[in-house]
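Participant: Its first residue numbered 195, the sequence shown is counted upward by one per residue in the working numbering. Just passing along the structure, written as structure tokens.
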Amino acid sequence: MNSPQTPDRRPIRALADTLISQIAAGEVVERPASVVKELLENAIDSGATQIELQIDEGGVRRVAVSDDGCGIPADELALALTRHATSKIDSLAELERVGTLGFRGEALASIASVARVRITSRTGDAEHACVIDSLDGQIAPAAGTRGTTVEVHELYSHTPARRKFLKSQGTETAHCVDALRRVALAHPQIAFSLRIDGRRTEQMSRGSWQARALAGLGDDYSDAHRIIDSGSAGLSLAGLLGLPTVNRARADRQFVYVNGRFVRDRLLSHAVRQAYSDVLHGDRHPAYVLFLRIDPALVDVNVHPAKVEVRFRDSQAVHRLVFHTVRDALRATATGHPVLAGTGPGQQAIQPDWAGAGAAASPASLQPGPIAFPAAQRQLPIASAGPGGPRFTPSAAMAFYAPDPALNPPTVRDGDPGSDYAARDASPQTSEIPPLGYAIAQLHGIYILAQNATGLVLVDMHAAHERVVYERLKRALDAREIARQPLLIPATFRAEALEASLVEESAETLAALGLELSLIGPTAIAVRAVPAELASADAAALARSVLAELREAGSARALTERRDALLASMACHAAVRANRRLSLPEMNALLREMETTAGADQCNHGRPTWVQVSLQELDRWFLRGR
Ligand SMILES: Nc1ncnc2c1ncn2[C@@H]1O[C@H](COP(=O)(O)OP(=O)(O)OP(=O)(O)O)[C@@H](O)[C@H]1O
Ligand SMILES: [Mg+2]
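So this is what it looks like as structure tokens:
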């Protein structure tokens with residue numbers, strides 16, 4: 195008996211091939227940008243050196259990709275449009291070691307199920323090109339040089355429901371351009387050009403991976419970045435890290451690649467976020483391009499319909515490598531923790547083997563750039579190894595601090611790469627003047643002015659001190675030895691009931707932080723001891739902010755997950771306030787401490803703590819030719 199709601203049951207039947215493709219297309223071809231991605235990946239797999247992308251009317255009317263790759267033989271053209279037909283793998287063993295971007299043999303068939311596809315292709319030894327049209331499957335001779343052009347017309351014209359989900363033409367075009375950028379970043383050995391509605395809008399010539407990556411991050415990062423390269427043959431990480439001082443409101447410049455494939459991987463982004471968290475708190479986002487290279491047998495790329503997720507066999511090892519490499523590079527101090535040691539300044543930047551033969555790196559210009567006042571314009575060599583420039587080394591830093599770089603070319607020395615002082619001690623010319631120089635004055639109670647070998651150093655006193663105190667607290671907390679200083683006269687304050695209740699509940703956490711609080715009334719609290727490090731702080735304000743943190747994080751998590759934020763807000767209370775007058779020895783002590791404090795180049799909020807203004811720049815201001 196059928197109830198009115200239950201439809202008649204139909205027998206189980208195999209789905210028609212086109213319908214299968216249309217269902218698959220739902221996952222593979224989400225929008226025009228997905229077509230762009232698939233066609234570009236095919237062009238890359240074909241060994242092309244030049245690829246042109248054309249987008250008409252947001253990609254809905256037409257997407258076309260032309261390459262000069264290996265081409266498809268005429269008798270395989272029909273197969274290229276068939277589901278589960280691929281030239282890229284032949285067995286499970288090959289799938290497990292796949293090195294190409296494609297392997298499912300599904301992209302063109304899926305696209306052809308929701309659009310009209312024309313493929314014109316010619317192999318190296320064919321006498322002429324041939325074209326196939328998905329409308330009728332007919333193959334005909336055509337004009338064309340070696341390579342392939344795939345045109346996709348009228349996307350979703352048979353599935354209007356899908357078409358309705360698309361955004362405006364401008365938005366879809368922007369997504370297509372993003373897709374091109376993501377693919378192009380990982381393939382600097384290929385030249386790309388782009389035409390939107392017939393107009394040429396972008397041209398990327400072949401070059402080094404650094405240059406391509408910098409172009410991807412944008413001009414803001416041309417000086418504010420660090421280049422990393424670390425690991426071994428089976429597992430390595432190269433890339434470009436935007437300095438935390440140039441951060442973004444959105445996470446829109448984060449590019450992560452695994453073996454040349456763009457991925458959105460939670461493990462990798464977690465490792466990077468954690469590495470940046472120390473120098474970039476809160477809701478700002480860093481920019482970076484990272485290329486993880488791993489033995490294909492140790493990563494599964496077949497876990498996501500659009501292949502943007504991967505699974506690592508040893509995810510811990512990957513996390514460790516990414517976290518440590520990124521963190522160490524970001525923590526390089528003014529003295530240059532030699533995290534990137536290994537190549538001399540004269541050597542060209544390392545090309546990962548997969549980056550192809552890019553342009554040779556040019557020697558870095560030690561000439562300072564524009565006036566260094568804007569936060570983004572750090573004038574340090576660690577931050578300014580431009581596209582293709584040499585990687586940062588202690589000796590490069592030394593040269594930068596030498597009286598005249600032109601007269602004192604950097605000498606490559608095998609300093610102890612583990613020592614903070616290697617850079618300074620390695621050269622007799624620079625051993626006298628420390629990197630951040632000697633204090634000469636204080637400006638408006640906010641900035642320290644110091645003179646070093648290059649010229650003038652300006653230090654944001656509060657930000658720098660805060661960072662130094664923060665790092666000291668962190669070390670002390672890790673060693674479980676934050677020293678306590680009892681207050682002769684306890685500081686008292688009133689708190690909300692919820693915070694007052696934490697005084698007893700979280701006594702242990704508070705003790706670990708060097709605080710001793712007691713309740714002297716239902717909502718009145720006395721501060722009896724503070725961390726010795728923070729003895730100069732307003733004890734009540736300090737205690738209040740720690741209680742607020744504990745309340746928000748829960749005291750169990752405060753010392754682990756929220757440790758950095760907690761210590762940062764404590765450090766902020768102790769750091770020298772604006773308008774506090776410092777003596778020269780006090781200022782020099784701060785400068786010396788900055789030089790040996792990891793990550794002291796930026797404050798806890800990602801702003802720079804100091805900038806360099808070189809003599810050349812000063813001369814330029816005064817139009818003084820030297
Ligand atoms: N631009 C191209 N140059 C040369 N051959 C191509 C090109 N595009 C497609 N082909 C051939 O057509 C086949 C089918 O392409 P398709 O994109 O559908 O599958 P795939 O790349 O093998 O796998 P995936 O579905 O993972 O992308 C490829 O295996 C390749 O042999
Ligand atoms: Mg493909």
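C-beta: ideal position from N, C-alpha, C; glycine also.
I believe Thr439 touches Arg801 by the beta-carbon criterion, under 8 Å. Please report the beta-carbon distance rounded to the nearest angstrom.
Facilitator: 6 Å
Participant: Say whether the stretch 785–794 touches the stretch 733–747, bearing in mind that this needs 3 or more beta-carbon pairs closer than 8 Å, one atom from each stretch.
Facilitator: no
Participant: Could I get the ranges of all uninterrupted beta strand (DSSP E) runs contained in the stretch 628–694, with 3 residues as the minimum, in chain order?
Facilitator: 632–637, 641–645, 649–654, 678–688
Participant: For Asp494, which residues from the same chain have a beta carbon less than 7 Å from its beta carbon, with the 5 sequence-adjacent residues on both sides left out?
Facilitator: Val504, Arg505
Participant: Where Val377 and Glu235 are concerned, what is the direct C-alpha to C-alpha distance, given to the nearest angstrom?
Facilitator: 8 Å
Participant: In angstroms with no decimal places, state the Cα-to-Cα distance between Phe485 and Ala526.
Facilitator: 20 Å
Participant: Would you call the stretch 637–655 and the stretch 682–700 touching, i.e. three or more CB-CB distances under 8 Å?
Facilitator: no
Participant: Just jot down, in chain order, the residues whose CB lies closer than 7 Å to any heavy atom of ligand 2.
Facilitator: Residues close to ligand 2 by the beta carbon criterion (under 7 Å to any non-hydrogen atom) are, from first to last along the chain, Glu232, Glu235, Asn236, Asp239, Leu295, Gly296, Ala301, Leu302.
Participant: Heavy atom of ligand 1 less than 7 Å from the Cβ of Asp261, yes or no?
Facilitator: yes
Participant: By the 10 Å Cβ neighbour count, where 16 or more other Cβ atoms means buried, how is Phe449 classified, buried or exposed?
Facilitator: buried
Participant: Between the stretch 246–259 and the stretch 362–371, are three or more C-beta pairs nearer than 8 Å?
Facilitator: yes
Participant: If you follow the alpha helix (DSSP H) that Arg356 is in, where does it begin and where does it stop?
Facilitator: 354–358
Participant: Using a Cβ-Cβ cut-off of 8 Å (strictly less than) and excluding sequence neighbours within five positions of Val254, which residues of its own chain qualify?
Facilitator: Pro226, Glu348, Leu349, Tyr350, Arg357, Leu360, Gln363, Glu366
Participant: Is it buried or exposed, Asp813, if we count other Cβ atoms within 10 angstroms and call 16 or more buried?
Facilitator: exposed
Participant: Does at least one heavy atom of ligand 1 sit under 7 Å from the Cβ of Lys361?
Facilitator: no
Participant: Within the 8 Å Cβ cut-off, does Gln404 reach chain B?
Facilitator: You won't find chain B in this structure, because it holds only one protein chain.
Participant: For Trp804, count neighbouring C-beta atoms within 10 Å of its own C-beta (all shown protein chains included) and say buried if the count is 16 or more, exposed if not.
Facilitator: buried
Participant: Among the residues of its own chain, which have a CB less than 8 Å from the CB of Gly293, if the five just before and after it don't count?
Facilitator: Asn453, Pro490
Participant: Whole angstroms is fine: what's the gap from Ala723's alpha carbon to Arg455's?
Facilitator: Their backbone Cα atoms lie some 54 Å apart in a straight line.
Participant: Is Thr342 near ligand 1, judged by its Cβ being under 7 Å from some heavy atom?
Facilitator: In this structure, Thr342 has its beta carbon less than 7 Å from a heavy atom of ligand 1.
Participant: Take the Cβ of Ile683 as the centre, count every other Cβ of all protein chains shown within 10 Å, and call the residue buried at 16 or more, exposed below.
Facilitator: Exposed, since its Cβ has fewer than 16 Cβ neighbours within 10 Å.
Participant: Would you tell me roughly how many angstroms separate the C-alpha atoms of Arg394 and Ser260, rounded to the nearest one?
Facilitator: 14 Å
Participant: Examine ligand 4 and report whether any of its heavy atoms sits within less than 7 Å of the Cβ of Ala685.
Facilitator: Looking for ligand 4 in the displayed structure turns up nothing; the ligands present are ligand 1 and ligand 2.
Participant: Going straight from the alpha carbon of Leu329 to that of Leu302, what length do you get?
Facilitator: Their backbone Cα atoms lie some 13 Å apart in a straight line.
Participant: Can you check the stretch 284–367 for any beta strand (DSSP E) of at least 3 residues that lies completely inside it and give the ranges in chain order?
Facilitator: 310–316, 323–327, 333–336, 341–347
Participant: To the nearest whole angstrom, what separates the beta carbons of Val345 and Arg256, a pair I think is in contact under 8 Å?
Facilitator: The sequence shown places Glu at residue 345, rather than the Val named in the question. Contact between Glu345 and Arg256 holds, since their C-beta atoms are separated by about 6 Å, short of 8 Å.
Participant: Under 8 Å, with one C-beta from each stretch per pair, do the stretch 662–670 and the stretch 760–768 reach the 3-pair mark?
Facilitator: The stretch 662–670 is in contact with the stretch 760–768.
Participant: Mind checking Ser763: buried by the 16 CB within 10 Å criterion, or exposed?
Facilitator: Counting Cβ neighbours within 10 Å, Ser763 comes out buried, since at least 16 surround it.
Participant: Provide the residue span of the beta strand (DSSP E) that contains Ser463, from first to last.
Facilitator: No beta strand (DSSP E) holds Ser463; the alpha helix (DSSP H) holding it covers 460–471.
Participant: So is Ala535 buried or exposed if we call it buried at 16+ other beta carbons inside 10 Å?
Facilitator: With a pLDDT of 26 at Ala535, under the threshold of 50, the modelled position of this residue cannot be trusted; read the value that follows with caution. Ala535 comes out buried.
Participant: Please say whether Ala268 and Cys324 have beta carbons closer to each other than 8 Å?
Facilitator: Cβ atoms of Cys324 and Ala268: closer than 8 Å.
Participant: Apart from the five residues just before and just after Val651, which ones in its own chain have a Cβ nearer than 7 Å to its Cβ?
Facilitator: Leu630, Gly631, Ala644, Trp804, Gln806
Participant: In the structure shown, what three-state DSSP assignment does Val254 receive?
Facilitator: Residue state, collapsed to three classes: coil.
Participant: Exposed or buried, Arg818, counting other C-beta atoms within 10 Å across all chains shown (16 or more means buried)?
Facilitator: exposed
Participant: With which residues is Ile719 paired in a DSSP beta bridge?
Facilitator: Phe687, Leu713
Participant: How would you label Arg140, buried or exposed, when you count the other beta carbons within 10 angstroms and need 16 or more for buried?
Facilitator: Absent from the structure is residue 140, since the part of the chain shown begins at 195 and ends at 820.
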